[in-house]
Every structure is written in C-alpha cells, then in structure tokens.
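Per mature numbering (1 follows the signal peptide of the UniProt record, and there is no 0), the sequence shown runs over residues -20 to -1, 1 to 238.
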Amino acid sequence: MKSFSLLVLAVLFSAFSSYAQNTFPATGNVGMGTTSPATNLHIVGTGTNTDGDNAHPTNGGGLIIQGNTGARSAGAGAQLEFAIPANTDGTNVWGQGRIITVAGTATGGDATGKMIIGTRRSFNKLGTGNQWYYGNDLVIDGAGNIGIGTLTPREALSVNGNIRSKQVKVEITNWPDYVFKKDYQLPSLTEVKIYLDRNQHLPDMPSEAEVTKDGLNLGEMNKLLVKKMEEMTLYMIEAKEEINELKKQVQDLKKQVK
C-alpha cells in the first residue's frame, strides 16, 4: 500500500512538473503562466474565465482583474473589473461584472472598439454585432467619444439625460461686437419682415426642424442671441431718432399755426 501511494505521488509530481507554468520563489521574480519571469511580476496568458455566477468569456488574449464591491443580495453588485484586451479580435466581456471591453473586429462579433461600463440595472440591451449585453451607463467608442446613457455618442461627450452643474464655460470666437461697427450693414426692418414671412424664424437663427434634428449649440446660440439684441438696440436707437425728429416737426408746425 505504501509503495502504491509513493507511485501515485511520483506520477502526480511528474505530471505537475511537466505542465507547471507558475513560479513562486521565496525571493526573486514571480511568474504566472511562465517559468522564467523577467520582472517582479510576469504574467503570460491567453484569456480568462471567472466563476460561474459571474461568467466573463473572453475572445482572445487579455487580462481581467476583479474584486468584490458589495453584497449581491443588497443590489450593490458584487464584481468590479479592470480589463485590458490583448488583441484586436473583439475581446468581449459580459455577465454580472461592471466593465465590458470590446476591441477591434471579431469573427462573427463585428466589434467596433468600445469600452462599456454598465450597471445591469434594467433590461434595455446594447449590442455589438451579434453580441448583446444588458444595460449601458457609460461608453467610450473607438474614436474616443464618450456616451453617457447612449451607446452611440456623436460628439466628444454625448449625454442622454439631464446635467446639473454650477457653472459651464464655453469658448467662443467672433463675438458679435462687430454689429456696432460703422461698416456693419444692418438689415432694414422691411427686409427682416420679408424674411420672417418666408421662413418663420429670424435671420441667422436655426429653424425648429434644425434644432429638433441636431439639438442646440449653446455657445453658438448665445452668440446669435447677443447679435439679435445688439441689432434690436440699433433699431430702437433709429426709432428714437425718428420719433425725436417727428416731435421737432410737430413743434415747428405748432409754431407756424400760432
């Protein structure tokens, strides 16, 4: 019996020695997936699958680090992940984790180079090719655009929801002080009325259809509003001058009548 046990141990030791890929010396470099670590921590691998309840299948090489962030029964979610895709084969990670990475284009996956952070808070799905995931709170696409509450950001930052802020600073050029310069061609009120009758909005201002389709550029709109206020000020000054001239004429007529 003792001889049989020694034989089994010898076989297991031989198998382990043949396939061992980890190195944990008392001193020196630590290797995971390699027996010859070149740095303090040297990791070599082609992919990771985590525990069953939090399955995160990967498509190609990559590194996933995850940790517990709260009790699942309390609704806090239990997994926090930091994922680094190692190739361009559409590395897809999903499940009850909180970070989804997509890199390059995978066969059958049609990945487009996104990082998606979700909460799995509802069943509104987001998809990459034929890969589908639950929930989407934050997306960084392949062009570097960030989307909050939207899967397809069209600008550097697209937010599908309300924003609360104490202050917003918008950089603007060509501020319309030129309206008060002597060479500015102020449209006559007759020209403005003709334009209004044809277009149902002020000159230079976007139409209702344009705003509905493309949204409102706050910086550009503020600039246009200031321009219109400055033009309105010039119209009022002209009207005041005309009124004063009419008053003077009336006074002259009264004197002649007397």
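Just so you know, even glycine gets a beta-carbon here, dropped at the ideal spot from N, CA and C.
Grab the span of the beta strand (DSSP E) containing residue i for me, first residue to last.
i: L137; result: 137 to 139
i: G127; result: 126 to 128
i: V119; result: 118 to 120
Count the other CB atoms within 10 Å of the CB of residue i; is the residue buried (16 or more) or exposed (fewer)?
i: residue 242; result: In the structure as shown, the chain starts at -20 and stops at 238, and residue 242 therefore has no counterpart that could be examined.
i: V24; result: exposed
i: P5; result: exposed
i: V237; result: exposed
i: V230; result: exposed
i: E218; result: exposed
i: E211; result: buried
i: G11; result: buried
Could you name the residues of the same chain whose beta carbon sits closer than 6 Å to that of residue i, not counting the 5 residues immediately before and after it, in chain order?
i: T130; result: S138, N140
Taking DSSP's pairing of strands, which residues face residue i in a bridge?
i: M12; result: I23
i: T3; result: G11
Grab the span of the alpha helix (DSSP H) containing residue i for me, first residue to last.
i: L169; result: 169 to 179
i: V206; result: 198 to 237
i: E188; result: 188 to 194
In whole angstroms, what separates the C-alpha of residue i from that of residue j?
i: L226; j: V148; result: 47 Å
i: E188; j: K207; result: 19 Å
i: P17; j: K146; result: 51 Å
i: Y215; j: G122; result: 50 Å
i: L205; j: G124; result: 32 Å
i: G195; j: E221; result: 40 Å
i: I64; j: T7; result: Only weak support exists for where I64 lies, its pLDDT of 46 falling under 50; the value from the coordinates is given anyway. So the two alpha carbons sit approximately 28 Å from each other.
i: D184; j: K235; result: 47 Å
i: H181; j: Y175; result: 8 Å
i: P186; j: I143; result: 23 Å
i: I128; j: N202; result: 25 Å
i: P170; j: P156; result: The sequence given here places Thr at residue 170; Pro does not occur at that position. For T170 and P156, the distance between alpha carbons rounds to 22 Å.
i: K228; j: K162; result: 26 Å
i: D232; j: N179; result: 43 Å
i: N172; j: N154; result: Correcting the residue identity first, residue 172 is Val in this sequence and not Asn. Cα to Cα, the separation comes out at about 23 Å.
i: E190; j: S168; result: 26 Å
Suppose the cutoff is 7 Å on Cβ atoms and the five residues either side in sequence are ignored; what does the same chain contact list for residue i look like?
i: Q1; result: G13, T14, T15
i: G199; result: V150, I152
i: L166; result: E211, L214
i: F160; result: E210
Considering only residues of the same chain and omitting the five flanking positions on each side of residue i, which have a CB-CB separation below 8 Å?
i: N126; result: First, the amino acid is wrong: residue 126 is Ile here, not Asn. Excluding residues within five positions, the ones whose Cβ falls inside 8 Å are L118, V119, I120, P133, A136, L137, S138.
i: Y158; result: Y164
i: A(-6); result: Its pLDDT being 46, under 50, A(-6) is placed unreliably by the model, and the measurement read from it follows with that caveat. Excluding sequence neighbours, A(-6) sits near nothing in its chain.
i: F9; result: The displayed chain sequence assigns Asn, not Phe, to residue 9. Excluding residues within five positions, the ones whose Cβ falls inside 8 Å are T3, P17, A18, T19, N20, L21, H22.
May I ask you to check if the CB of residue i is nearer than 7 Å to at least one heavy atom of the ligand PLP?
i: M216; result: Here there are no bound small molecules, and the ligand PLP is not part of this structure.
Cβ of residue i less than 8 Å from any chain E Cβ?
i: E188; result: The chain inventory of the structure shown lacks chain E, comprising one protein chain alone.
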